[in-house]
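Trainee:
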Amino acid sequence: MEAIVQYLLTGLSAGSVYGLIALGFYVMWSAAKAVNFTYGDVFMLGGVGTVVLMELGLPLPVAAATAIAGAAVVGAIVERVFVRPFNREANSIGWMLTTIAVGIMIESSTTATYGPLGRPLPTPLVEHPIRIGGSGIYPQELLLPVAAIAATFALEFFYKRTVLGRAMRAVSFNRVAAGLVGIDADRITLLAFAIAGGLGAFAGFLVAPVVQASASMGVIVGLKGFMVAIIAGIANARGVVIVGILYGVAEKLIEGFLSTAARDAIGFTLMILLLLLFPQGLFGRAEVRKV
Amino acid sequence: MRGRAGLVLLLLLAAALAVFPWVGDVIGERFPTSYELRLVMRAMILAIVAIGLNILVGYAGLVSLGQAALYGLGAHVAALLALRAGFPFMAALAFSVLIPAAVGAMLAFPTVRVRGVYLAVITIAFGLVFVNILREWVGFTGGASGLVGIPRPTILGERLGATRALNFNYYYLILLFLLAAVGVQAALVRSRYGRAMRAAAQSENAARALGINVVAIRTLAFSISAGFAGLGGALFTNLALFVNYETFTFTTSIELLLMVILGGSGTLAGPVVGTAVLFSATQFLQGLGQWQTFGYGVLLALVLFVLPRGIVGSLQRLMHRSVAAETSRETGHWPNWVEGLGPVTARHDDAGQSTLLARDVTLRFGGLTAVNAVNMDVRAGTVHALIGPNGAGKSSMLNVVSGFYRATSGEVSVFGENVGGLPPYVLARRGIARTFQNTELFGQMTVLENVLVGQHPHFRATFAETVLRLPRFRREERAALAEARRLLDFVGLSGFAGEEARNLPFGHQRRLEIARALALRPKLLLLDEPAAGLTHGEIEDLVALIRGLADRGMTVVLVEHHVDMIMAVSDRVTVLDYGEVIADGPPSAIQSNPKVIEAYFGNAKLPGVAVPA
């Protein structure tokens with residue numbers, strides 16, 4: 014029983030990270046029908062950037078805010094330079110390759126300069142674990158689901174209630190029509206990638222105290238985030254976050270009851286099977302193909 | 026011409042590789058050393074894998090980021106079968122091809138149904154899981170220390186190896202497989218399979234409308250590329266006689282992709298050239314130490330920005346430009362009923378039969394009813410026009426009939442059989458051809474190739490016959506080519522046969538789309554606003570063409586706005602307004618029907634509004 018509570022709690026926190034990343038993928042996909050394929054590296058910049066800035070003497074909040082802002086800029090640059098020119102035609106695959114190239118550059122240059130090992134990011138919330146029914150968990154880990162839910166609602170509010178958010182939805186719905194009513198679709202897409210960049214870095218910053226900030230912290234997590242988004246159907250914010258959290262919990266249960274080694278093999282197989290059963294994703298609706 | 030130049034270059038390369046082990050005897054030095062020989066053999070193996078990947082990326086337009094895992098799968102299958110089950114070399118090799126091919130199909134099938142991007146994600150995941158399993162399942166794969174002591178390969182008792190004592194026989198075996206891979210690639214690309222892959226990549230809708238099962242062809246493409254990867258893996262195992270996971274990580278997948286892109290994806294020579302160049306560059310990049318991976322990233326980005334078509338693709342473009350200026354580009358008149366067009370209209374329903382019968386067909390999108398309880402009876406050999414104001418549901422109806430939309434309720438029967446819910450490619454094979462309101466050509470294929478794609482369902486030659494270019498395949502291919510040329514003559518586009526379809530002027534694109542639809546030899550031809558954007562003269566020709574087809578027994582359903590054209594060409598007219606049939610009858614009756622006039626011009630009884638009749 015205690016073990017199960019422990020798995021659920023850690024799963025909830027790990028899953029929230031997947032959820033946040035999937036949310037970023039969703040934001041990018043909606044606007045551009047393309048994503049930064051190596052978004053995990055932007056996530057990594059949030060953690061690593063904060064650590065580096067703190068080592069340079071900045072206080073935690075300033076370091077984090079700077080890292081997140083920096084990642085947002087990186088997100089925008091990736092869109093402008095590496096996605097937009099390679100996403101001109103439907104079914105383009107160029108953007109996949111260019112963003113992978115960027116991802117490789119970001120990750121390997123970080124490894125070369127920052128070092129291959131993880132470094133701690135000390136926050137007050139990882140000093141003492143709290144006990145819930147005999148299971149121990151850091152307050153920082155509990156912060157993650159809170160952040161994921163808050164981000165979901167914030168995003169929904171942004172999409173539904175603000176002019177900019179509505180414009181973004183319009184672009185995702187029909188780029189040409191949005192252009193005809195005076196929305197600068199290119200700028201909206203740029204903004205979407207910047208928001209996603211900030212969101213990813215925010216997640217990276219939040220999880221870094223728990224997992225340590227390292228150059229490779231984003232690779233697998235980013236990929237899982239994308240798979241989560243796909244399984245959810247990349248159709249709405251709630252869907253991707255829910256699937257993210259569920260996947261995190263499922264992973265911890267597999268780890269706990271089977272083995273850590275089998276976790277990814279089983280997890281990915283599960284995802285492939287889900288996709289086989291629900292080709293449009295769990296929360297996605299069949300797209301009406303315009304003929 | 027280009028094909029022949031390619032063949033000469035290939036033979037030169039093969040000859041150079043064939044004499045390479047013996048160069049030392051001529052120049053009297055110790056060259057190549059066994060290390061250098063090994064490098065060349067590894068490059069040849071990677072080229073085989075890259076050729077497979079090129080079929081996927083360059084022709085089917087899908088990206089695999091886990092090709093190294095399939096390469097590794099082949100390597101491990103070969104190693105394990107030899108070590109644990111005592112399989113002879115050739116038998117293990119066969120399984121090393123088949124197992125990755127089957128795994129590839131299983132990975133591709135669920136993903137390519139929705140979006141190509143998904144395949145990229147799934148393949149990365151597969152790659153990571155694969156390496157993860159190899160590393161953790163120590164009892165089976167040896168973990169980090171890998172599988173050692175793999176027995177030297179033999180064929181019929183003959184030991185294989187790359188030493189002078191053995192006449193470098195394993196080296197030549199790899200070379201043979203490389204040449205075979207090049208040959209299979211060329212055979213595949215210049216067949217209906219290659220054309221279908223490219224068609225599906227360039228316009229999924231048009232491909233489906235021409236009888237191509239897009240999911241199947243993409244799954245096939247991935248399966249083939251996985252088979253090539255597996256072959257490479259098995260050859261690698263028997264060269265190194267040792268395998269562990271380090272050879273097959275994500276970095277290798279990227280390397281393989283880079284080889285294809287750098288050489289020129291979608292070109293026959295690209296993967297070989299790319300492998301040669303990148304493999305040489307890698308020897309240099311290794312000097313970068315921890316910045317090596319960074320170098321790959323920079324290189325990949327550079328290639329995509331500077332040479333998006335790759336080395337071979339860019340060279341071909343240069344050559345094509347200098348040649349293109351000489352070709353004649355005269356537009357012929359159309360319709361040009363040349364000799365031999367008979368088969369195009371040969372299969373048709375008997376006159377008077379209901380070719381298309383729609384009963385109470387309703388189509389809803391959420392709360393919007395696009396088509397509401399529509400009844401239609403289209404008789405064989407007639408031209409049946411479907412008209413109505415914008416948004417009346419004409420195109421939706423056409424999409425229901427061709428299988429692109431599934432009717433919410435009601436029945437559609439075509440050629441006497443209920444076809445509700447059948448996918449477009451099945452309907453196309455039964456004899457329904459269509460054109461699109463916004464022309465959907467395969468832009469980067471030539472005009473001739475576009476028409477050839479339309480003949481996809483007619484081929485009977487099996488996959489093996491196609492790859493081996495056996496007589497039945499050659500015969501069918503020749504016949505298809507002849508008919509495609511006749512169809513181009515028919516629409517007056519013979520002068521443009523070698524041109525890329527996207528470069529055609531708009532009116533010509535419409536002509537090509539009709540020729541392509543006719544290549545299906547349809548019994549029922551659905552034309553969605555074929556006259557839109559055509560000049561007055563072209564419309565007259567179009568009328569003659571449609572009439573000519575109907576007179577030869579073909580049934581034509583025409584969605585159109587041009588009233589003059591409808592009156593001139595149709596036998597019967599169905600008028601839709603807000604998704605409902607408001608009139609149905611011969612054109613003369615429709616013209617004077619008050620309901621129709623109202624739908625188009627509004628209510629005549631409103632005070633002060635004069636109706637132009």
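As given, the protein sequences belong to chains A and B, one line each in that order. Mapped onto our numbering, the consecutive letters of the first sequence carry residue numbers 14 to 304. Mapped onto our numbering, the consecutive letters of the second sequence carry residue numbers 26 to 638. We treat Cβ as the ideally placed atom computed from N, Cα and C, and that holds for glycine. The model shown is predicted, which means the values in this text are computed figures rather than measured ones.
(1) With a threshold of 9 Å between beta-carbons, can A:Glu120 be considered close to chain B, or not?
(2) Do you know how far the Cα of A:Ile81 is from the Cα of A:Ile119?
(3) For the region 220 to 251 of chain B, list the alpha helix (DSSP H) runs that are entirely contained and at least 4 residues long, ordered along the chain.
(4) Please go through the same chain and pick out, in chain order, the residues whose beta-carbon is closer than 6 Å to the beta-carbon of A:Arg188, but skip the five residues on each side of it.
(5) In this structure, does DSSP put B:Gly435 in helix, strand or coil?
(6) Can you pull the chain B neighbours of A:Leu289, defined as C-beta to C-beta under 8 Å?
(7) What does A:Ala125 touch in chain B if you count any residue whose Cβ is under 8 Å from its own?
(8) Show which residues of chain A have a CB atom less than 8 Å away from the CB atom of B:Ala326.
(9) Nearest-angstrom Cα distance between A:Gly146 and A:Phe296?
(10) Would you say B:Arg138 faces chain A, with C-beta separation under 9 Å as the test?
(11) Over the uninterrupted alpha helix (DSSP H) stretch that includes B:His533, give me the two end residues.
(12) Take the Cβ of B:Trp47 as the centre, count every other Cβ of all protein chains shown within 10 Å, and call the residue buried at 16 or more, exposed below.
(13) So, does the CB of B:Asn415 fall closer than 9 Å to a CB anywhere in chain A?
(14) List the residues of chain A that B:Asn157 touches, going by C-beta distances under 8 Å, in chain order.
(15) Do you know offhand how far B:Val74's Cα is from A:Gly280's?
(16) Quick check: is the beta carbon of A:Ile196 nearer than 9 Å to any beta carbon in chain B?
(17) Starting from the beta carbon of B:Tyr270, find every residue of chain A whose beta carbon is closer than 7 Å, and list them in chain order.
(18) Report the CB separation of B:Ile237 from B:Tyr430 in whole angstroms; it is logged as a contact under 8 Å.
(19) Classify A:Leu319 as buried or exposed, calling it buried when 16 or more other Cβ atoms lie within 10 Å of its own Cβ.
(20) Tell me which residues of the region 204 to 234 of chain B have at least one Cβ-Cβ distance to chain A shorter than 8 Å, keeping chain order.
(21) Could you check if A:Gly32 is buried or exposed, using at least 16 other CB atoms within 10 Å of its CB as the buried criterion?
(22) State the DSSP-derived secondary structure class of B:Phe319, mapped to helix, strand or coil.
(23) I'd like the span of the alpha helix (DSSP H) that includes B:Asn194, first residue to last.
(24) Under a CB-based cut-off of 9 Å, is A:Ala292 close to chain B?
(25) Alpha carbon to alpha carbon, what distance is there between A:Gly53 and A:Gly60?
(26) Can you find a CB in chain B that lies within less than 9 Å of the CB of A:Phe296?
(27) Which of helix, strand or coil does DSSP assign to B:Ala486?
(28) Are B:Val582 and B:Val403 closer than 9 Å when you measure CB to CB?
(29) Applying a beta-carbon distance threshold of less than 8 Å, which residues of chain A neighbour B:Val451?
(30) Could you please give the first and the last residue of the uninterrupted alpha helix (DSSP H) stretch that includes A:Val262?
(31) In three-state terms, what does DSSP make of B:Glu623?
(32) Just checking my contact of A:Val48 with A:Met41 at CB under 8 Å: how many whole Å lie between their CB atoms?
(33) Would you tell me roughly how many angstroms separate the C-alpha atoms of B:Ala635 and B:Val621, rounded to the nearest one?
(34) Output yes or no for whether 9 Å exceeds the beta carbon distance between B:Ile96 and B:Leu281.
(35) Does the separation of the CB atoms of B:Val128 and B:Leu98 fall below 9 Å?
(36) For the region 543 to 585 of chain B, list the beta strand (DSSP E) runs that are entirely contained and at least 3 residues long, ordered along the chain.
Mentor: A quick look at the data gives this:
(1) Looking up residue 120 of chain A in the first sequence gives position 107. So, interface residue.
(2) Along the first sequence, one-based indexing puts residue 119 of chain A at 106. Along the first sequence, one-based indexing puts residue 81 of chain A at 68. Between A:Ile119 and A:Ile81, the C-alpha separation is close to 16 Å.
(3) 229 to 234
(4) Residue mapping note: residue 188 of chain A aligns to position 175 of the first sequence, counting from 1. So the list reads Ala198, once near-sequence residues are dropped.
(5) Within the second sequence, numbered from 1, the residue matching residue 435 of chain B stands at position 410. Strand.
(6) On the first sequence, position 276 is the one that residue 289 of chain A refers to. Correct list: Phe134, Pro135.
(7) Within the first sequence, the letter at position 112 stands for residue 125 of chain A. Those within 8 Å of A:Ala125 in chain B are Gln315, Trp316, Phe319.
(8) To locate residue 326 of chain B, count along the second sequence from 1; it is residue 301. In chain order: Phe95, Thr111, Ala114, Val115, Met118.
(9) Here residue 146 of chain A is taken as the residue at index 133 of the first sequence, counted from 1. Here residue 296 of chain A is taken as the residue at index 283 of the first sequence, counted from 1. C-alpha separation (whole angstroms): 34 Å.
(10) Taking the first residue of the second sequence as 1, we reach residue 138 of chain B at position 113. For B:Arg138, the answer is yes, since a Cβ of chain A falls inside 9 Å of its Cβ.
(11) Taking the second sequence and counting its residues from 1, one reaches residue 533 of chain B at position 508. Unbroken alpha helix (DSSP H) run through B:His533: 531 to 543.
(12) Looking up residue 47 of chain B in the second sequence gives position 22. Result: exposed.
(13) Translated into positions along the second sequence, residue 415 of chain B becomes position 390. Taking Cβ atoms only, chain A never reaches closer than 9 Å to B:Asn415, which makes this a no.
(14) Position 132 of the second sequence, counted from the first residue, corresponds to residue 157 of chain B. Within chain A, the residues near B:Asn157 are Ala274, Asp277, Ala278.
(15) The residue you call residue 74 of chain B lines up with position 49 of the second sequence. The residue you call residue 280 of chain A lines up with position 267 of the first sequence. Those two C-alpha atoms are separated by around 28 Å.
(16) For the purposes of this step, residue 196 of chain A is taken as the residue at position 183 of the first sequence. Not an interface residue.
(17) The residue you call residue 270 of chain B lines up with position 245 of the second sequence. Within 7 Å Cβ-Cβ: nothing; B:Tyr270 doesn't reach chain A, min ~13 Å.
(18) For this step, residue 237 of chain B is matched to residue 212 along the second sequence. For this step, residue 430 of chain B is matched to residue 405 along the second sequence. B:Ile237 to B:Tyr430, Cβ: 19 Å. No contact.
(19) Residue 319 of chain A cannot be examined here, being either before or after the span of chain A that is shown, 14 to 304.
(20) Ala226, Gln227, Glu229, Asn230
(21) Position 19 of the first sequence, counting from 1, holds the residue named residue 32 of chain A. Buried, since its Cβ has 16 or more Cβ neighbours within 10 Å.
(22) The sequence position of residue 319 of chain B within the second sequence is 294, counting from 1. In this structure, B:Phe319 counts as helix in the three-state DSSP scheme.
(23) For the purposes of this step, residue 194 of chain B is taken as residue 169 along the second sequence, with counting starting at 1. Element bounds for B:Asn194: 194 to 214.
(24) As a first step, residue 292 of chain A is located in the first sequence; it is residue number 279 there, counting from the start. The sequence shown places Pro at residue 292 of chain A, rather than the Ala named in the question. Yes, its Cβ sits closer than 9 Å to a Cβ of chain B.
(25) Position 47 of the first sequence, counted from the start, is the residue given in the question as residue 60 of chain A. Position 40 of the first sequence, counted from the start, is the residue given in the question as residue 53 of chain A. Looking at the two C-alpha atoms, the distance is approximately 11 Å.
(26) On the first sequence, position 283 is the one that residue 296 of chain A refers to. Not closer than 9 Å to any Cβ of chain B, the Cβ of A:Phe296 fails to qualify, so no.
(27) On the second sequence, position 461 is the one that residue 486 of chain B refers to. B:Ala486 falls in the coil class under three-state DSSP.
(28) As a first step, residue 582 of chain B is located in the second sequence; it is residue number 557 there, counting from the start. As a first step, residue 403 of chain B is located in the second sequence; it is residue number 378 there, counting from the start. Yes. Within cutoff.
(29) By 1-based counting over the second sequence, the position of residue 451 of chain B is 426. Result: empty, since nearest Cβ-Cβ is about 16 Å, beyond 8 Å.
(30) As a working mapping, residue 262 of chain A is identified with position 249 in the first sequence. A:Val262 -> alpha helix (DSSP H) spans 250 to 270.
(31) Sequence index remark: in the second sequence, residue 623 of chain B carries index 598 (1-based). In the structure shown, B:Glu623 sits in a helix (DSSP, three-state: H, G or I).
(32) Indexing the first sequence from 1 puts residue 48 of chain A at position 35. Indexing the first sequence from 1 puts residue 41 of chain A at position 28. Contact flag correct, Cβ pair sits at about 4 Å.
(33) Stepping through the second sequence from its first residue, residue 635 of chain B is reached at position 610. Stepping through the second sequence from its first residue, residue 621 of chain B is reached at position 596. In this predicted model, B:Ala635 has a pLDDT of only 47, less than 50, meaning its place in the structure is not dependable; the value taken from the coordinates is given anyway. Approximately 16 Å, taken between the alpha carbons.
(34) The count along the second sequence starts at 1 and reaches residue 96 of chain B at position 71. The count along the second sequence starts at 1 and reaches residue 281 of chain B at position 256. Position check: residue 96 of chain B holds Tyr in this sequence, whereas Ile was assumed. In contact: B:Tyr96 and B:Leu281 (Cβ atoms closer than 9 Å).
(35) Here the question's residue 128 of chain B lines up with position 103 in the second sequence. Here the question's residue 98 of chain B lines up with position 73 in the second sequence. Yes. Within cutoff.
(36) 549 to 553, 580 to 584
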